[in-house]
């Protein structure tokens with residue numbers, strides 16, 4: 006492995022635009038060096054977010070400021086970056102890792118990692134730290150697991166008896182079940198009157214896609230705050246949200262750009278090199294809107310490809326071959342080219358109302374090169 | 208723009224909703240839980256127990272479910288909803304297991320869970336009993352004090368701690384309805400700022416031992432005392 010450890014790893018997106026913050030300071034590194042940490046806890050916080058607690062050797066100090074992140078070195082030579090989700094605490098580091106379907110590291114974590122496994126870490130890195138000791142107010146914007154450094158920041162400032170600034174946290178998720186730290190945040194609201202938590206769920210109706218009027222944390226915050234004079238903004242999560250929030254806050258004449266702090270990140274594995282063209286295939290979808298081509302990737306399920314393209318399949322059970330709501334009608338010419346249905350799938354299809362011979366469960370079909378051109382339609 | 212969640216929004220039901228059918232589905236679900244449990248034996252591998260459970264549900268027209276069939280043995284009883292079981296766990300002679308099923312029968316959803324023992328481990332037995340007890344303590348608070356979902360789970364967490372357990376707050380209640388409730392609201396009860404209405408919500412209690420690797424689970428609909436023997 007040949008890794009330049011003189012500079013902090015890019016925030017998991019090599020080659021991506023650097024979000025330069027006017028007046029930002031150089032990344033802080035309180036305690037340099039690598040360490041071998043041991044997995045002490047693994048816990049699912051939601052259907053696709055894992056809480057990982059790493060324990061450091063007693064002799065290894067790892068001092069960091071809430072809001073900073075560490076880098077995990079993997080066998081494939083990549084570094085994956087995750088924010089600490091809590092302030093320093095007795096040699097334990099808490100991370101929130103989203104399980105990506107094709108993420109090598111997160112998939113290992115979800116499927117194979119065990120308590121006691123060792124992980125090589127380095128850091129801390131980043132300058133997304135608390136700077137609001139004297140501000141008039143604080144706005145926190147988070148999407149998805151971007152809540153992790155925000156919680157670390159909040160833990161620190163809410164414990165400060167001298168801190169007075171009102172804080173409003175807007176946490177954006179796709180659906181309510183992703184608010185995996187809502188209980189903690191509501192508890193803090195009760196304990197700290199100056200803290201307000203506003204969950205923002207982007208999918209209001211029963212469709213699977215974001216329609217017109219989809220709520221964005223930055224838009225809601227800007228609509229609710231009368232003045233931004235002396236207000237600090239911290240944005241953590243998707244690069245799109247961070248860019249959009251920065252652009253919009255900067256248009257406000259009562260906002261000082263040097264009061265905008267950001268931490269943009271997504272799954273490190275989504276920063277993998279673009280797949281070779283041979284890895285992509287196209288499906289032929291026939292639905293009420295007509296016939297259209299749907300891009301798909303070899304190795305993903307038919308369900309994942311259809312949902313990514315906005316096809317409204319409920320998939321209530323999350324792809325566990327339990328609910329049947331991802332049932333699709335496969336064109337007869339393709340039926341024999343699909344892998345055989347498992348006993349689990351066959352049994353479930355048999356008990357579904359109005360199931361036809363050509364129906365299959367989209368969650369049980371893994372796409373291969375041979376399925377390029379697969380013709381399907383949502384099953385009624 | 209208003210991010211406040213309205214009770215009426217979250218407690219909508221579909222066109223097929225019927226109190227009678229939801230209660231009938233509850234009875235079928237609980238009967239299935241006990242039937243499946245009666246056939247679990249020490250020496251079984253968890254995966255085989257899951258397959259057996261699905262076969263039983265299939266015979267009753269309840270193979271379809273709004274969530275997967277969970278039969279958790281031994282250390283897998285610490286796993287939360289959606290987490291994969293460690294494979295190959297064999298049920299011991301002095302062991303614990305729980306069931307969590309969410310079957311769909313025709314147009315109606317059921318959901319239920321309970322914990323069972325194969326031996327006489329005192330702490331395991333206490334965990335199973337305490338999961339049921341805590342469920343009813345919280346349920347009675349819901350009935351007598353009209354607490355919100357948040358208040359109920361805050362209370363449950365403290366009570367569990369007093370009993371010597373850790374409450375898994377990632378299993379913190381949910382809607383139930385004519386299938387699928389997920390199209391109405393798929394979030395937890397524990398974030399609600401209002402008192403959940405009867406028949407529409409499921410109260411979940413998942414306890415974990417603070418040091419040993421096992422847990423206990425109980426869940427049922429939020430209903431008044433007359434629906435429980």
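Residue numbers (the working numbering), protein chains in the order written: chain A, 6 to 385; chain B, 208 to 436.
Glycine residues also receive a C-beta, built at the ideal position from the N, C-alpha and C atoms.
*asked:* I need the boundaries of the alpha helix (DSSP H) containing residue 138 (chain A), first residue and last residue.
replied: Looking at the DSSP string, residue 138 (chain A) is not in any alpha helix (DSSP H), and its letter there is neither H nor E.
*For residue 170 (chain A), which of A:119, A:354, A:200 and A:323 has the nearest alpha-carbon?*
Selected option, being the one with the closest Cα: A:200.
*asked:* Among A:63, A:147 and A:141, whose alpha-carbon lies nearest the alpha-carbon of residue 90 (chain A)?
replied: Comparing Cα positions, the closest option is A:147.
*Counting only beta-carbon atoms, is residue 354 (chain B) nearer than 8 angstroms to chain A?*
Chain A contact via Cβ: absent.
_Endpoints, the beta strand (DSSP E) within which residue 288 (chain A) is located_ = Per DSSP, the unbroken beta strand (DSSP E) holding residue 288 (chain A) starts and ends at 285-292.
_Counting only C-beta atoms, is residue 327 (chain A) closer than 8 angstroms to chain B at any point?_
For residue 327 (chain A), the nearest beta carbon of chain B is closer than 8 angstroms to its own beta carbon.
*Could you give the C-beta distance for residue 386 (chain A) and residue 236 (chain A), rounded to a whole number, given that I count them as a contact under 8 angstroms?*
A question about residue 386 (chain A) goes unanswered here, because the residues of chain A that appear run from 6 up to 385.
*Below 8 angstroms between beta carbons is the criterion; list the residues of the region 239-266 of chain B that meet it against any residue of chain A, in chain order.*
Contacts with chain A (Cβ-Cβ distance below 8 angstroms) from the region 239-266 of chain B involve 261 and 265, listed in chain order.
_At a cut-off of 7 angstroms, would you count residue 382 (chain B) as near the ligand ADP, judging by its Cβ distance to the nearest heavy atom?_
Among the components of this structure there are no ligands whatsoever, and the ligand ADP is therefore not found.
*Ignoring anything shorter than 3 residues or poking outside the region 230-284 of chain B, list the beta strand (DSSP E) runs there in chain order.*
Fully enclosed beta strand (DSSP E) runs of 3 or longer: 277-280.
_Tell me which residues share the same chain as residue 310 (chain A) and place their Cβ nearer than 8 angstroms to its Cβ, disregarding the 5 neighbours each side in the sequence._
Only 288, 299, 300, 301, 302 and 372 meet the Cβ criterion.
*Express the C-alpha separation of residue 377 (chain A) and residue 367 (chain A) in angstroms, rounding to a whole number.*
Approximately 15 angstroms between the Cα atoms of the pair.
*asked:* Please report the distance separating the alpha-carbon of residue 135 (chain A) from that of residue 116 (chain A).
replied: Between residue 135 (chain A) and residue 116 (chain A), the C-alpha separation is close to 35 angstroms.
_Short Cβ contact (8 angstroms threshold) for residue 239 (chain B) with residue 264 (chain B)_ = In this structure, the beta-carbon distance from residue 239 (chain B) to residue 264 (chain B) falls below 8 angstroms.
*With residue 273 (chain B) and residue 182 (chain A) assumed to form a contact (beta carbons below 8 angstroms), what rounded beta-carbon distance in angstroms separates them?*
Their Cβ separation, rounded to whole angstroms, is 13 angstroms, which puts residue 273 (chain B) and residue 182 (chain A) out of contact at 8 angstroms.
_Determine, for residue 405 (chain B), whether the minimum Cβ-Cβ distance to residues of chain A falls below 8 angstroms._
Output row for residue 405 (chain B): interface = no.
*Closer than 6 angstroms by C-beta to residue 387 (chain A): which residues in its own chain qualify, once you throw out the five before and the five after it? Chain order, please.*
Not covered by the structure: residue 387 (chain A). The range shown for chain A is 6 to 385.
*For residue 270 (chain A), does the three-state DSSP call read helix, strand or coil?*
Reduced to three states, the DSSP call for residue 270 (chain A) is coil.
*Alpha carbon to alpha carbon, how far is residue 131 (chain A) from residue 354 (chain B)?*
Taking the straight line joining both Cα atoms gives about 43 angstroms.
*asked:* Using CA atoms only, rank isn't needed, just tell me which of B:314, B:266 and B:337 is closest to residue 385 (chain B).
replied: Nearest neighbour of residue 385 (chain B) by Cα position, chosen from B:314, B:266 and B:337, turns out to be B:314.
_Whether residue 317 (chain B) touches residue 261 (chain B) by CB criterion (8 angstroms)_ = Using a Cβ distance threshold of 8 angstroms, residue 317 (chain B) and residue 261 (chain B) do not count as a contacting pair.
*In chain order, each beta strand (DSSP E) run of at least 3 residues that lies wholly inside the region 177-264 of chain A*: Counting only runs of 3 or more, we get 200-206 and 236-242.
_Which residue marks the beginning of the beta strand (DSSP E) containing residue 416 (chain B), and which one marks its end?_
For residue 416 (chain B), no beta strand (DSSP E) segment is defined, and its DSSP state is neither H nor E.
_Unbroken stretches of the alpha helix (DSSP H), 4 residues or longer, contained in the region 334-417 of chain B_ = Fully enclosed alpha helix (DSSP H) runs of 4 or longer: 356-370.
_Coarse secondary structure for residue 434 (chain B), derived from DSSP in three states_ = DSSP places residue 434 (chain B) in helix when its eight states are reduced to three.
*Is residue 187 (chain A) close to chain E, meaning its C-beta is less than 8 angstroms from at least one C-beta of that chain?*
Structure shown: chain E not included; protein chains present are A and B.
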